[in-house]
Amino acid sequence: MNISSVIVYVQEDFQQVCDSIKKIPQCEVCLEDAERKIAIVAIEAKEIAEEVQVLEKLNALSGVLRAEMHYSYSEDELDKAKEQIQGSVSEILQEDYPAEAVRYSGSVGYYVTKERDEFEK
23 MNISSVIVYV QEDFQQVCDS IKKIPQCEVC LEDAERKIAI VAIEAKEIAE
73 EVQVLEKLNA LSGVLRAEMH YSYSEDELDK AKEQIQGSVS EILQEDYPAE
123 AVRYSGSVGY YVTKERDEFE K
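23 is the number of the first residue of the sequence shown in the numbering used here; add one for each residue after it.
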């Protein structure tokens, strides 16, 4: 599932453009500002290709100056990212682990000094 937000800038016939957008099944007009001729539209699509098609549809509507995507969330991309990091993240971070049980025994100052000394060589 993909969800995105689009700002639609309307050149003319603002209410007619908003009514046309409302007829597109994947779209919901979340905000209408007739004075500034701007509509905020949410797109819900099954995949990125469908999301792009809907954006192109919005741009092709009569009276639309331009439609620009400003936010996009892709559930599939999130799932892929989670799969990639599995196993590479400490188990402390993967489970509910009480903060007071975490012990830090390093020295940040040591590493900063070491890096600086190596850099100055």
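For every residue, glycine included, the Cβ atom is placed at its ideal position computed from N, Cα and C. These figures come from a predicted structure and were not determined experimentally.
Taking the beta strand (DSSP E) that S26 belongs to, which residues open and close that run? Start at 1 with the first residue of the sequence shown, and residue 26 comes out as number 4. 24 to 32 is the extent of the beta strand (DSSP E) around S26.
In this structure, how does DSSP classify D101 when only helix, strand and coil are distinguished? Numbered from its first residue, the sequence shown carries residue 101 at position 79. It is helical.
Hey, could you find the ends of the alpha helix (DSSP H) I60 is sitting in? One-based indexing of the sequence shown puts residue 60 at position 38. Note, I60: premise wrong, no alpha helix (DSSP H); beta strand (DSSP E) at 60 to 67.
If I62 sits next to C49, beta carbons under 8 Å apart, how far is it from one beta carbon to the other, in whole angstroms? Counting from 1 along the sequence shown, the entry for residue 62 is found at position 40. Counting from 1 along the sequence shown, the entry for residue 49 is found at position 27. With a Cβ gap of about 11 Å, I62 and C49 do not count as contacting.
By Cβ distance, which residues of its chain are closer than 6 Å to S94, with the 5 residues on each side in sequence left out? Position 72 of the sequence shown, counting from 1, holds the residue named residue 94. Excluding sequence neighbours, S94 sits near S26.
Can you give the Cα-Cα distance for K104 and Q37, rounded to whole angstroms? Taking the sequence shown and counting its residues from 1, the one referred to as residue 104 is at position 82. Taking the sequence shown and counting its residues from 1, the one referred to as residue 37 is at position 15. C-alpha separation (whole angstroms): 42 Å.
When we look at the beta-carbon of L87 and count the other beta-carbons within 10 Å, is it buried (16 or more) or exposed? Along the sequence shown, one-based indexing puts residue 87 at 65. By the 10 Å Cβ count, L87 comes out exposed.
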